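J.: Structure provided below as structure tokens; questions to follow.
Chains as they are written, first to last, in the numbering used here: chain F, 1 to 111; chain S, 1001 to 1112.
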């Protein structure tokens, strides 16, 4: 089964609204990475968080890594049409012998 | 210059055939990967090579065999193709094992 789940699976928002995707792993991860995949494109790395409880910001995007290193979230403030795509979390297990991608959240932004 | 390139971009073939997908990276990275993305967009790691050594070998049919002639190349050979092999295959590379990964444009494989 899927080791790393994301919710929601789909999100439709009006431009200017906020968006959040949540990532939950059944196992502790060494780090959490976030990728964005545009329709028809390939995953593009956004950020990596390593420390328990870490929070990082990139302009309108805020990333959090949970205290137990089993969950994470990505929050986008005031979405724009350029934010359209599927957002994936991903991460390796502690001994780096497994790597899991989340199930993804597909974001659609209406202008 | 493209950082991670794959050929071909599209591959349409009959069941039972053998095919290869090539991947090259010009980033000087030590680690390369193959991923499969199915029709539901789930991404699953298949293989990881670090300095030409196989590090991760997920539970994939042994019809799939990766070959790394050098650090910059990781090819994927698939024998006796089946309908269920239809997917998009992504190559990726990273400087350190399982850290920030750079993905290629993908190869869409369709098995008829």
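We treat Cβ as the ideally placed atom computed from N, Cα and C, and that holds for glycine. No experiment lies behind these values; they were computed from the predicted model shown.
(1) Starting from residue 1070(S), follow its DSSP beta bridges and name the residues at the other end.
(2) Which residue or residues does DSSP assign as beta-bridge partners of residue 1012(S)?
(3) So, for residue 31(F): in the same chain, excluding its five sequence neighbours on each side, which residues have a beta-carbon less than 6 Å away from its beta-carbon?
(4) Please state the DSSP three-state secondary structure of residue 85(F).
(5) 8 Å is my cut-off, CB to CB: does residue 26(F) come that close to chain S?
(6) Residue 109(F) to residue 103(F), Cα distance in whole Å?
(7) In terms of residues, what are the limits of the beta strand (DSSP E) holding residue 73(F)?
(8) Which of the three DSSP states, helix, strand or coil, is assigned to residue 41(F)?
(9) So, for residue 26(F): in the same chain, excluding its five sequence neighbours on each side, which residues have a beta-carbon less than 7 Å away from its beta-carbon?
(10) If we call anything under 8 Å between Cβ atoms a contact, is residue 99(F) one with residue 1045(S)?
(11) Give the residues of chain S in contact with residue 63(F), contact being defined as C-beta atoms less than 8 Å apart.
(12) Leaving out the 5 sequence neighbours to the left and right, which residues in its chain are closer than 6 Å to residue 69(F) when beta-carbon positions are compared?
(13) Within a Cβ cutoff of 7 Å, which residues of the same chain sit near residue 15(F), ignoring the five residues on either side of it in sequence?
(14) Less than 8 Å between CB atoms is the rule here; does residue 1098(S) satisfy it with respect to chain F?
T.: Concretely, from the data shown:
(1) For the purposes of this step, residue 1070(S) is identified with residue 70 of the second chain, where counting begins at 1. DSSP, once it has assigned bridges, lists 1073(S) as partnering residue 1070(S).
(2) If you number the second chain from 1, residue 1012(S) lands on position 12. Its beta-bridge partners are 1110(S).
(3) In the first chain, counting from the first residue as 1, residue 31(F) sits at position 31. So the list reads 48, 50, 91, once near-sequence residues are dropped.
(4) The count along the first chain starts at 1 and reaches residue 85(F) at position 85. Of the three classes helix, strand and coil, the one that applies to residue 85(F) here is strand, per DSSP.
(5) As a first step, residue 26(F) must be located in the first chain, where it is residue number 26. Closer than 8 Å: no.
(6) Counting from one through the first chain, the residue named residue 109(F) turns up at place 109. Counting from one through the first chain, the residue named residue 103(F) turns up at place 103. Answer to the nearest angstrom: the Cα atoms are 20 Å apart.
(7) By 1-based counting over the first chain, the position of residue 73(F) is 73. From DSSP, the beta strand (DSSP E) with residue 73(F) extends over 71-76.
(8) Working through the first chain from its first residue, we reach residue 41(F) at position 41. The answer is coil: DSSP assigns residue 41(F) none of H, G, I, E or B.
(9) Walking along the first chain from the start, residue 26(F) turns up at place 26. So the list reads 3, once near-sequence residues are dropped.
(10) Against the first chain, residue 99(F) aligns to sequence position 99. Against the second chain, residue 1045(S) aligns to sequence position 45. For residue 99(F) and residue 1045(S), yes; Cβs fall inside 8 Å.
(11) Indexing the first chain from 1 puts residue 63(F) at position 63. Under the 8 Å cutoff, chain S gives no residues; its nearest Cβ is about 14 Å from residue 63(F).
(12) The residue given as residue 69(F) occupies position 69 in the first chain. So the list reads 28, 29, 52, once near-sequence residues are dropped.
(13) By 1-based counting over the first chain, the position of residue 15(F) is 15. Excluding sequence neighbours, residue 15(F) sits near 79, 80, 81, 109, 110, 111.
(14) Locating residue 1098(S) in the second chain gives position 98, counting from the first residue. Chain F, which has a Cβ nearer than 8 Å to the Cβ of residue 1098(S), makes this yes.
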